[in-house]
Amino acid sequence: MNNGNIIFVLHSHLPYVRHPDYEEFMEERWLFEAITETYIPLIRVFQNLEKKGIKFKLVMSFSPTLIEMLNSMDLQEKYVRYLKKIIELSEKEYERTKDEELIKHKMADYYKNNFKEILEIFEKMYNKNILDAFKEYYEKGYLELITTSATHAVLPIYSEYPEIVKLQIKYGLETFKKAFGFYPKGFWLPELGYYEGLDIYLNQYEIEYTFVEKNGLIYGNPYPIYNVYNPVITNSSIFVFSRDKDNNIEIFDTEFGYLNDPRYREFYRDIGFDREYEYIKDYIDKSGVRCNTGIKYHKITGKDKELFDKMLYDIDEAYTAVKSNAEDFVQKRLKQLKELNVEYPDLEPTMVYAFDTEFFGHWWYEGIMFLEKVIEKVYNTEELKLENPKNILKRVEEVQIVNPSRSTWGINGFFEEWINGNNDWIYPAIYEMIEILKVKMNKKYSDVEKNIISLMIKELMLAQSSDWVFIISSGTTVEYAVNRIKTHVKRFFELNAMLESGKIEKNKLKYYMWVDKIFENIDYNDVTM
99 MNNGNIIFVL HSHLPYVRHP DYEEFMEERW LFEAITETYI PLIRVFQNLE KKGIKFKLVM
159 SFSPTLIEML NSMDLQEKYV RYLKKIIELS EKEYERTKDE ELIKHKMADY YKNNFKEILE
219 IFEKMYNKNI LDAFKEYYEK GYLELITTSA THAVLPIYSE YPEIVKLQIK YGLETFKKAF
279 GFYPKGFWLP ELGYYEGLDI YLNQYEIEYT FVEKNGLIYG NPYPIYNVYN PVITNSSIFV
339 FSRDKDNNIE IFDTEFGYLN DPRYREFYRD IGFDREYEYI KDYIDKSGVR CNTGIKYHKI
399 TGKDKELFDK MLYDIDEAYT AVKSNAEDFV QKRLKQLKEL NVEYPDLEPT MVYAFDTEFF
459 GHWWYEGIMF LEKVIEKVYN TEELKLENPK NILKRVEEVQ IVNPSRSTWG INGFFEEWIN
519 GNNDWIYPAI YEMIEILKVK MNKKYSDVEK NIISLMIKEL MLAQSSDWVF IISSGTTVEY
579 AVNRIKTHVK RFFELNAMLE SGKIEKNKLK YYMWVDKIFE NIDYNDVTM
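Note that my numbering has the sequence shown beginning at 99, numbered continuously upward.
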């Protein structure tokens, strides 16, 4: 019987949200919550596994927008202020819950200690830059680090504009190198969006491998003889791994996934909404809009239960569920391995599990613990091995040539979330911006004019972020997403008007460079259209 490989890919991404002209800004909490509930808890998992002598392997993708935010000194300072306020609130909760249910007081004590430890790790251990932690575990051989396109643009949407696709790839790679000191060999396709011909541009930037969704591979040309359980190679020499979608669903599916266990913490029940306004007002948005604080006392209980009818959460009970779910996951992989050995007796199969990193810890609070337990259990089996693409590609002797089809990991495997009747108004403006830039390029300009064009390129890329169209499609923080797109489009056309008229507004230029302090290395001379 052949052994099997498991690749865990954690894609870490948030849209670029930085508002230096505000002391606090609601949407900046997206980053702060991810640091508190996902990124630092993940670092603790790495520390725990290392102490136990477990030689784990994971792939982590960091988007350029997230890299720039984690490197931002003003966001680092804002995060410290945010976390200190949450610690203050948790201390109040510790005192307040002494007169409430014992299990609630136990959780209040847990939150208080947990938040303090997170602050210690952030400030003292990593001097406010947690990217250093992930670089450390890369250097130790535990992590393989990769990146994605500059602003997480869904690249197939721009397949008619190869120069834009290359721009997104180029500045994704450059931002990653600035942070980590090297160019990655792997590239995460935003939303796993692939189209035939994309491999040409990945090859031009010396990318060795990428990932696609299952439908992208099995509807490729020709059909992959090993289904999704072995890498393939494209005509342009890019190795492609495919996500094992059917089995990924066991974890994240909203109906049947592990995250729905009634013993797990309820995401949508938070004291930011439960406590009386006068008590909580200093810990929610300054506008008075209630929001999550990260202090939650209730468990899922059951799908049929309304939020007000949820039972109190017991973290020990949840940990029991984690151990049970992790054991179930590993046993299913062992069973799957036996089945794959029968179907492909000449193959050492590779199973790819790819997720948004923030799914673990933030959306599924116990997901971080689950990941740790799964890694431990896989490590202790003889049949399964945690691997990374780099090692697997060293061992693969023969690889089939397959060119994947146009696809994403979205609904039905295509583009419904990013192009639909709610958000399709965006694309004519973006395509017009691209056409304007094509006309502007390859002409002689003064240094100031070149700087303006570099800013126009930045505004175009920021408008292309997949997050804004997805948010509009899903109907969450729609007003903010619409405003962000309109803001970047408006700035682009204001900058273009300066070029056309020759009337340079220096203060406006200075502000645009300051307010979105990202991709400062864009160089007009390096861009071709």
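Yeah, the Cβ is synthetic: ideal placement off N, Cα and C, and Gly gets one too.
Taking 3 residues as the minimum length, the beta strand (DSSP E) runs contained wholly in the region 109-187 are 156-160, in order along the chain. By the neighbour-count criterion, in which a residue is buried when 16 or more other Cβ atoms sit within 10 angstroms of its Cβ, Val-625 is buried. Residue environment analysis places Val-500 among the buried positions, since at least 16 neighbouring C-beta atoms fall within 10 angstroms of its C-beta. From the listed residues Pro-118, Lys-536, Ser-503, Ala-231, the smallest Cα separation to Gly-314 is found for Ser-503.
The criterion of a C-beta distance shorter than 9 Å is satisfied by Phe-458 and Leu-108. Under a 10 Å Cβ-count criterion, Leu-200 is classified as exposed, with fewer than 16 other Cβ atoms of the shown protein chains found around its own Cβ. Here Phe-339 really is in contact with Pro-487; their C-beta atoms are around 6 Å apart, less than 8 Å. Beyond the five residues adjoining it in sequence on each side, Ser-161 comes within less than 6 Å, by CB distance, of His-111, Thr-246, His-250 in the same chain, given in chain order.
Three or more beta-carbon pairs separated by less than 8 Å link the region 187-198 to the region 208-215, which places the two stretches in contact. DSSP lists Val-450 as the bridge partner or partners of Ile-105. In the displayed model, Asn-478 falls within coil according to three-state DSSP, outside both helix and strand. When Tyr-356, Tyr-269, Glu-437, Ile-550 are compared, the shortest CA-CA separation from Tyr-324 is found for Glu-437. Pairing Ile-551 with Leu-535, the inter-Cα distance amounts to about 8 Å. Counting along the chain, Tyr-609 sits inside the alpha helix (DSSP H) bounded by residues 604-613. Boundaries cannot be given for Val-494, as no beta strand (DSSP E) includes it and DSSP labels it neither H nor E. Per the C-alpha coordinates, the member of Tyr-529, Val-472, Pro-329 positioned closest to Leu-156 is Val-472.
Arg-127 and Tyr-256 have their C-alpha atoms roughly 31 Å apart. Closest option to Phe-350, judged by alpha-carbon separation, among Tyr-451, Gln-174, Ile-184: Tyr-451. By the Cβ rule, the region 512-519 does not count as touching the region 587-595, because fewer than three pairs are nearer than 8 Å. Collapsing the DSSP output to three states places Asn-227 in coil. Bounds of the beta strand (DSSP E) holding Ser-340 are 337-340. Counted as a single uninterrupted DSSP element, the alpha helix (DSSP H) harbouring Ile-413 occupies residues 413-441.
Rounded to whole angstroms, the separation of the alpha carbons of Leu-435 and Met-99 is 9 Å.
Cα atoms of Glu-603 and Asn-549: separation of roughly 12 Å, rounded to the nearest angstrom. The continuous stretches of alpha helix (DSSP H) do not include Leu-241, which lies in the beta strand (DSSP E) extending over residues 241-245.
Using a Cβ-Cβ distance cut-off of 8 Å, the region 610-618 and the region 256-266 are not in contact, since fewer than three pairs of beta carbons, one from each stretch, lie closer than that value.
Annotation: Thr-506 is outside any alpha helix (DSSP H) and is labelled neither H nor E by DSSP. Remark: fewer than three beta-carbon pairs, one from each stretch, lie closer than 8 Å, so the region 408-420 and the region 368-379 are not flagged as touching. For the pair Asn-423 and Gly-355, the Cα-to-Cα distance works out to about 10 Å.
Short of 8 Å from the beta carbon of Asn-333, and not among the five residues preceding or following it, lie these beta carbons of its own chain, in chain order: Asp-297, Ile-499, Asn-501. In this structure, the CA atom of Leu-181 is about 12 Å from the CA atom of Ala-132.
Under the Cβ criterion (8 Å, minimum of three pairs), the region 356-363 counts as touching the region 392-403. With respect to the C-alpha of Glu-415, the residue from Glu-215, Leu-558, Thr-308, Met-205 having the closest C-alpha is Met-205. Remark: fewer than three beta-carbon pairs, one from each stretch, lie closer than 8 Å, so the region 117-127 and the region 142-159 are not flagged as touching. Taking the Cα of Glu-495 as reference, the smallest distance to any Cα among Val-330, Ile-184, Gly-370 is reached at Val-330. DSSP places Val-310 in no alpha helix (DSSP H) but in the uninterrupted beta strand (DSSP E) bounded by 307-310.
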